[in-house]
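Taking it in order: structure first as structure tokens, then the write-up.
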Amino acid sequence: MTVPLHQAKADLFRTLGHPVRIRALELLLEGPRPVRELLTEIEVEASNLSQQLAVLRRAGLVSSYREGAAVMYRLSTPDVAELMGAARRILTSMLTSQEDLLAELRAEMPAATERQ
Numbered sequence: 167m168t169v170p171l172h173q174a175k176a177d178l179f180r181t182l183g184h185p186v187r188i189r190a191l192e193l194l195l196e197g198p199r200p201v202r203e204l205l206t207e208i209e210v211e212a213s214n215l216s217q218q219l220a221v222l223r224r225a226g227l228v229s230s231y232r233e234g235a236a237v238m239y240r241l242s243t244p245d246v247a248e249l250m251g252a253a254r255r256i257l258t259s260m261l262t263s264q265e266d267l268l269a270e271l272r273a274e275m276p277a278a279t280e281r282q
């Protein structure tokens, strides 16, 4: 039995719902990295990072390979970079809207204070 498309999408977004996974993906946007570098940048326990990378690998968002003694990780497809860019654009838009609302509220504050 196949999973409905909406369920598969929900599973993908659940996979993205962890800060360590997002940070790893952000770092991998710059290109392949060894685990030791990811560990230095993310500052979590090695076992935690390993667990989160495994989740990303099972979901097909990253792939790994050996380069000498180092285990390297990379984004599995340019589409992952595109998804991360889309998330950044959406957040920027949302925060800009909130900033505009905050400016409006601040502009109304003196008027509201004068009426009291």
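Our numbering puts the first residue of the sequence shown at 167, with every later residue one more than the last. Using N, Cα and C, we set each Cβ at its ideal position, and we do this for glycine too. Since this is a predicted model, take the numbers as computed values, not measurements.
| Item | Value |
| --- | --- |
| Test item: CB-CB of Q218 and A190 under 8 angstroms | yes |
| Where M241 falls: helix, strand or coil (DSSP) | The amino acid at residue 241 is misidentified as Met; the sequence shows Leu. Looking at L241 - three-state DSSP - the assignment turns out to be strand. |
| C-alpha distance - L227 paired with S263, whole-angstrom precision | 30 angstroms |
| Given 8 angstroms, three or more beta-carbon pairs between the stretch 181–190 and the stretch 204–217 | yes |
| A174 versus M250 - alpha carbon distance | 18 angstroms |
| Supposed contact pair R223 and S213 - C-beta distance, whole angstroms, cut 8 angstroms | Not really, about 15 angstroms apart at Cβ, beyond 8 angstroms. |
| Contact set for A247: own chain, Cβ-Cβ below 7 angstroms, skip 5 residues either direction | L195, L241 |
| L215 burial status per 10 Å Cβ neighbour count (16 or more: buried) | buried |
| Straight-line Cα distance separating A225 from D266 | 37 angstroms |
| Range of the contiguous beta strand (DSSP E) that encloses V210 | From DSSP, V210 is part of no beta strand (DSSP E); its letter is neither H nor E. |
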